[in-house]
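Peer 1: All residue numbers for the sequence shown refer to the numbering used here, where the first residue is 212 and numbers rise by one.
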Amino acid sequence: MNFRTFVAVLITSLMTSGLNAQIRSYTTSGGEIIFSFADIDNNGINPDNIVRFSPVFNLQVYGNFDFNKYFGLIAGGSIRNVGFINGNTNADNSGIKKKYRNYNFGIPVGIKIGNLNKLFFYGGYEIEFPFHYKEKTFVNGTKQDAKISTWFSSRTPSFYNTVFAGIQFPYGLSFKFKYYFTSFFNEDYAETIGGETVMPYKGYKANVFYFSLSYALFQNNKVYYKEAKKSSDFY
């Protein structure tokens with residue numbers, strides 16, 4: 212049983228067990244401020260890992276299914292600007308810096324555990340499908356003209372397997388960590404340059420991971436404020 216099958220079976224079992232319970236369902240959404248890095252091995256070379264800051268355009272929409280005050284499921288969709296930056300790409304002190312990024316469409320599923328009206332933990336699995344790729348090159352700080360920007364590029368895999376875990380604080384602030392098990396590039400990608408076939412990403416392994424901040428990601432104001440008037444358990 213692979214990981215995605217396990218997640219599907221787990222969620223189905225949980226939802227089946229909760230059929231007789233009163234489930235509170237609602238929709239939430241929010242942006243995401245991403246600080247990303249990558250675990251890089253470029254054919255034995257480990258380039259400098261430079262933090263990539265991407266506050267836009269990142270959108271997440273979740274369906275929330277709360278079985279009780281302390282446990283719930285989440286499932287939804289997302290559009291995410293994610294990538295990484297490295298320095299001295301080809302060799303030590305080469306002066307070459309590369310910026311890589313994808314826009315991905317994601318489908319997350321997960322769980323929430325804790326006091327869902329105050330502080331709780333969440334985590335799960337998300338499959339992401341890249342639909343726009345961009346690559347920029349800088350030499351000694353000077354941007355080069357050879358920018359690559361393309362839709363549905365074969366330079367990247369058709370999808371990424373990812374996992375995430377986070378904590379939701381009272382009043383809406385959320386902190387999340389995410390890791391991409393699938394390497395950023397399609398190592399089998401080939402192109403013809405000057406009559407010769409080259410494979411620019413062969414042996415280039417880069418697993419992206421990031422930390423992010425969101426606000427009111429799991430907070431539906433209509434639901435929360437209505438119940439806040441009824442219960443002293445709310446802040």
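The C-beta atom is built at its ideal place from N, Cα and C for all residues, glycine as well.
#1: Count the other C-beta atoms from every protein chain shown that fall within 10 angstroms of the C-beta of Leu330, then say buried if there are 16 or more, exposed otherwise.
#2: Can you tell me whether Gly383 is helix, strand or coil according to DSSP?
#3: Does the pairing of the region 340-354 with the region 376-393 give three or more beta-carbon distances under 8 Å?
#4: Under 7 Å Cβ to Cβ from Ser360, same chain only, skipping five residues before and after it: list those, please.
#5: Let's see if you can read the secondary structure: which residues bound the beta strand (DSSP E) around Asn279?
#6: Please give the ranges of any beta strand (DSSP E) in the region 307-356, keeping only runs that are unbroken, at least 3 residues long and fully inside the region.
#7: Does the distance from the CB of Phe395 to the CB of Val419 come in under 8 Å?
#8: With DSSP run on the structure shown, which of helix, strand or coil describes Thr361?
#9: Where does Thr216 fall in DSSP's three states?
#10: Label Asp444 either buried or exposed according to how many other C-beta atoms from any shown protein chain fall within 10 Å of its C-beta, with 16 as the threshold for buried.
#11: Please report the distance separating the alpha-carbon of Asp456 from that of Phe422.
#12: Using a 10 Å radius around the Cβ and a threshold of 16 neighbouring Cβ atoms, would you call Pro258 buried or exposed?
#13: If I follow the unbroken beta strand (DSSP E) through Asn253, where does it start and stop?
#14: Quick one: Cα of Arg312 to Cα of Gln233, how far?
#15: Identify every residue that forms a DSSP beta bridge with Gln271.
#16: Which term fits Glu407, buried or exposed, when burial requires 16 or more other beta carbons within 10 angstroms of its beta carbon?
#17: Skipping 5 residues on each side, what residues in its chain have a beta carbon closer than 7 Å to that of Thr216?
#18: Please return the same chain residues whose Cβ sits closer than 6 Å to the Cβ of Tyr391, not counting the five positions on each side in sequence.
#19: List the residues that DSSP assigns as beta-bridge partners of Lys389.
Peer 2: From the atom records:
#1: exposed
#2: helix
#3: no
#4: Lys345
#5: Note, Asn279: premise wrong, no beta strand (DSSP E); not H, not E.
#6: 307-325, 331-350
#7: yes
#8: strand
#9: helix
#10: Confidence is the limiting factor: at Asp444 the pLDDT is only 46, short of 50, which leaves the residue's position unreliable, though a coordinate-based value still follows. Classification of Asp444: exposed, given that the 10 Å Cβ count is below 16.
#11: As displayed, the chain neither begins before 212 nor continues past 446, which places residue 456 out of reach and without an answer.
#12: buried
#13: 244-253
#14: 43 Å
#15: Gly241, Ser289
#16: exposed
#17: none
#18: Tyr371, Thr373, Asn418, Val419
#19: Phe375, Tyr421
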